[in-house]
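This report refers to the structure that appears directly beneath it.
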Amino acid sequence: MSFRIGNGYDVHRFGPGDHLMLGGVRIPFTQGVIAHSDGDVVIHALCDALFGAAALGDIGRHFPDSNPEYRNADSRIFLRRAMAQVTAQGWALVNADITLVAQAPRIAPHLRAMLAALGEDLHAAPDQINVKATTTEGLGFEGRGEGIACHAVVLLRRRPG
Ligand code: MG
């Protein structure tokens, strides 16, 4: 059986606002993020991991900032389209593992909702997706509260037939 692994990483700087979009979930916060789309670092990292595993380039190639269609876009649209492209290439998701890096907000209360949204967009079962979060003990840009980062790893397998 043929397998492919992909890695994704995304960062957004905090800016004016009152909520974050993370994993398709709106989370009230003291700031927002500066972004062309809704700035969902979880979904952006996940899209890059999917594109990476399928050797389809990156999110910037598929959904460029220069396209006005993507201004303030709901990133779940990106995720659904990325999964559709990966599927069209004959790949199926084995699992996705995601690590959010932020000093705040607390992610735990929102994990279930994130997993539900991501599972829906990836057509995946609950045991195929894991989202976790860590602080950086006050170190680096995340620790200083300047922004939020996310790492994602995806494993794909070749669909039979
Ligand atoms: Mg991004």
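For this note's numbering, add 13 to where a residue sits in the sequence shown, where the first one is 1.
Glycine residues also receive a C-beta, built at the ideal position from the N, C-alpha and C atoms.
Per the DSSP secondary-structure output, C163 pairs in a beta bridge with D23, L113. Shortest gap from the CB of H25 to any heavy atom of the ligand MG: under 8 Å. C-alpha of N143 to C-alpha of I56: approximately 13 Å in a straight line.
Nearest to I120 by alpha-carbon distance, out of D23, L33, G153, is L33. Beyond the five residues adjoining it in sequence on each side, I72 comes within less than 7 Å, by CB distance, of H57, C60, D61, F64, F91 in the same chain, given in chain order. Using a cutoff of 8 Å, the CB of A48 counts as near the ligand MG, since one of the ligand's heavy atoms is closer than that. When C-beta atoms of the stretch 156-171 are compared with those of the stretch 98-110, three or more pairs fall below 8 Å, so the two segments count as touching. Listed in chain order, the non-local C-beta contacts of D134 below 6 Å within the same chain comprise R89, L92, R93, local neighbours out to five positions each way being set aside. Relative to the non-hydrogen atoms of the ligand MG, the Cβ of V38 never comes closer than 8 Å to any of them.
Proximity of the stretch 35-45 to the stretch 115-129 meets the contact definition, three or more beta-carbon pairs being nearer than 8 Å. By the C-beta criterion, the stretch 38-55 is judged not to be in contact with the stretch 145-153, since fewer than 3 inter-stretch pairs fall below 8 Å.
No heavy atom of the ligand MG is found nearer than 8 Å to the CB of V107. The beta carbon of I90 sits no closer than 8 Å to any heavy atom of the ligand MG.
When DSSP states are grouped into helix, strand and coil, I90 belongs to the helix group. According to the DSSP secondary-structure assignment, T147 is paired through a beta bridge with V114.
Taking each of V24, L131, G30, G70 in turn and checking the Cα distance to P41, the smallest one comes out for G30. For R74, the enclosing alpha helix (DSSP H) covers residues 72-75.
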